[in-house]
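Start counting the sequence shown at 2; every next residue gets the next number (the numbering used here).
Positions of the beta carbon are idealized from the N, C-alpha and C atoms, including for glycine.
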Amino acid sequence: MNLYENYRKLYDLSLQQKDLIENNDFDQLLNLLARKQEIMEEIDKVDLKEYLQSQREPERALGLLKELVEKLTGIEEENSRLLREKQKKLGDEVEVFNIKQRGSKGYQAANNYEAKFIDKKT
């Protein structure tokens, strides 16, 4: 498989990643990230200079790679932004949950005190 095909696979997976993030499908997202990591490791094994020299039209091949990498970078930035938003939203929800829990514990403590008071009178 050539370098362009690996970057194309990475780009396609990044598009899928965006959908998974938007749909809160984090289990599938973890699987997808593992596949992306494998592809990135394959990309790292390829020497760009050797790859370009093996192409019939090296300048055209380089231009196509640059274009694809720019698209990939844009999608990755969008995915990072979406994940930060999800993280912030989740953090806000956890904070609200904790506030409700503290309030609930306050009422439970008041009920325990009243129960002890009633028990002592009887």
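- Considering only residues of the stretch 29 to 112, which uninterrupted alpha helix (DSSP H) runs meet the minimum length of 4 residues and lie entirely inside it, listed in chain order? 49 to 54
- Query: Between Q56 and the rest of its own chain, which residues show a CB-CB distance below 8 angstroms, the 5 nearest in sequence each way excluded?
  - Reply: To locate residue 56, count along the sequence shown from 1; it is residue 55. Only A62 meet the Cβ criterion.
- For D13, three-class secondary structure by DSSP: Counting from 1 along the sequence shown, the entry for residue 13 is found at position 12. Helix.
- Message: Please return the same chain residues whose Cβ sits closer than 7 angstroms to the Cβ of L53, not counting the five positions on each side in sequence.
- Response: Position 52 of the sequence shown holds residue 53. P59, A62 and L63, listed in sequence order.
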